Ligand code: ZN
């Protein structure tokens with residue numbers, strides 16, 4: 023199983039990080055070892071002093087596909103979820119400056135939080151799903167899939183040109199504005215359309 027992540031998919035987050043709007047989606051991969059086991063706390067890694075949360079809508083791929091046409095992309099997933107793409111921002115900035123790959127800052131152990139899955143039939147329109155992340159019971163990120171630069175089906179089509187999608191692969195679809203640092207003892211929880219799909223403690 024692989025995790026394919028999309029960067030810079032919401033304009034407000036691009037402004038926040040002073041990135042340019044890309045011509046194509048930014049794509050990177052997290053290894054399967056990045057998945058934070060269920061019910062486990064997140065430990066801030068010793069190599070970073072600035073780990074950020076990024077709440078993101080997730081899509082679970084249900085069958086093999088390659089060069090998927092956008093029209094047929096909806097046949098490749100049945101479940102929608104919510105998770106966190108933990109990012110060692112200090113390390114990522116250093117790597118970006120040098121033009122080096124981000125993997126160490128994005129793919130470290132525990133950096134992928136994957137919440138409960140919901141059938142996509144729960145949603146009237148997957149391009150109109152609201153979600154949010156709370157830190158210590160205060161909402162810090164609010165997003166809506168209607169604000170994505172590249173919608174879910176477009177992303178599936180795009181990434182499948184480069185990576186064969188397989189059953190069980192997960193796509194992290196990018197984060198809206200409001201990313202920020204986590205500190206020991208913080209408590210995070212994420213909700214999709216008002217339903218809490220994950221919660222975790224920071225150590
Ligand atoms: Zn992200």
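In our numbering, the protein residues as written are 23 to 225. Think of the CB as a built atom: it goes at the ideal place given N, C-alpha and C, for glycine as much as any other residue. As the structure is a prediction and not an experimental result, all values here were calculated from the model.
Residues bridged to residue 154 [DSSP beta-bridge criterion]: Indexing the chain shown from 1 puts residue 154 at position 132. Note: residue 154 sits in a beta bridge opposite 164, 213.
Consult DSSP for residue 223 and reduce its assignment to one of helix, strand or coil. The sequence position of residue 223 within the chain shown is 201, counting from 1. DSSP places residue 223 in strand when its eight states are reduced to three.
DSSP has residue 121 in a bridge; who is on the other side? Position 99 of the chain shown holds residue 121. Answer is none; residue 121 lacks a bridge partner.
Measuring straight from C-alpha to C-alpha, what distance separates residue 74 and residue 110? Walking along the chain shown from the start, residue 74 turns up at place 52. Walking along the chain shown from the start, residue 110 turns up at place 88. C-alpha separation (whole angstroms): 6 Å.
First and last residue of the beta strand (DSSP E) that includes residue 74? Within the chain shown, the letter at position 52 stands for residue 74. Note, residue 74: beta strand (DSSP E), 73-75.
Cβ shell of residue 200 (< 6 Å), same chain only, five flanking positions each side left out: As a first step, residue 200 is located in the chain shown; it is residue number 178 there, counting from the start. Within the same chain, residue 200 has close Cβ partners 162, 163.
Any heavy atom of ligand 1 closer than 6 Å to the beta-carbon of residue 197? To locate residue 197, count along the chain shown from 1; it is residue 175. At least one heavy atom of ligand 1 is nearer than 6 Å to the Cβ of residue 197, so yes.
I'd like the list of long-range same chain contacts for residue 189, defined as Cβ closer than 8 Å, with 5 residues on each side in sequence excluded. The residue labelled residue 189 in the question sits at position 167 within the chain shown. Same-chain partners within the cutoff: 83, 84, 85, 86.
Quick one, are the C-beta atoms of residue 54 and residue 194 less than 7 Å apart? Working through the chain shown from its first residue, we reach residue 54 at position 32. Working through the chain shown from its first residue, we reach residue 194 at position 172. With a cutoff of 7 Å on beta-carbon distance, residue 54 and residue 194 are scored as not near each other.
Is residue 128 closer than 7 Å to residue 69 when the C-beta atoms are compared? Locating residue 69 in the chain shown gives position 47, where the first residue counts as 1. Locating residue 128 in the chain shown gives position 106, where the first residue counts as 1. Their beta carbons are not under 7 Å apart, which means residue 69 does not touch residue 128 by this criterion.
Do residue 76 and ligand 1 come close, with the Cβ less than 6 Å from some heavy atom? Walking along the chain shown from the start, residue 76 turns up at place 54. Yes.
Kindly identify the DSSP beta-bridge partner or partners of residue 107. For this step, residue 107 is matched to residue 85 along the chain shown. Bridge partners of residue 107: 134.
Give the DSSP-derived three-state secondary structure of residue 193 in the structure shown. Along the chain shown, one-based indexing puts residue 193 at 171. If DSSP states are grouped into helix, strand and coil, residue 193 belongs with the strands.
How should residue 59 be labelled, buried or exposed, when 16 other C-beta atoms within 10 angstroms of its C-beta is the threshold for buried? Against the chain shown, residue 59 aligns to sequence position 37. The C-beta of residue 59 has fewer than 16 other C-beta atoms within 10 Å across all chains shown, which makes the residue exposed.
What are the partner residues of residue 81, as DSSP defines its beta bridges? Locating residue 81 in the chain shown gives position 59, counting from the first residue. DSSP, once it has assigned bridges, lists 102, 193 as partnering residue 81.
Cβ-based neighbour list, residue 186, same chain, cut-off 6 Å, excluding 5 preceding and 5 following: Here residue 186 corresponds to residue number 164 of the chain shown, with the count starting at 1. These residues qualify, in order along the chain: 88.
Report the CB separation of residue 103 from residue 137 in whole angstroms; it is logged as a contact under 8 Å. What you label residue 103 is simply residue 81 of the chain shown in a count that begins at 1. What you label residue 137 is simply residue 115 of the chain shown in a count that begins at 1. Residue 103 to residue 137, Cβ: 5 Å. Contact.
Per-residue DSSP class, three states only, for residue 69: Within the chain shown, the letter at position 47 stands for residue 69. Coil.
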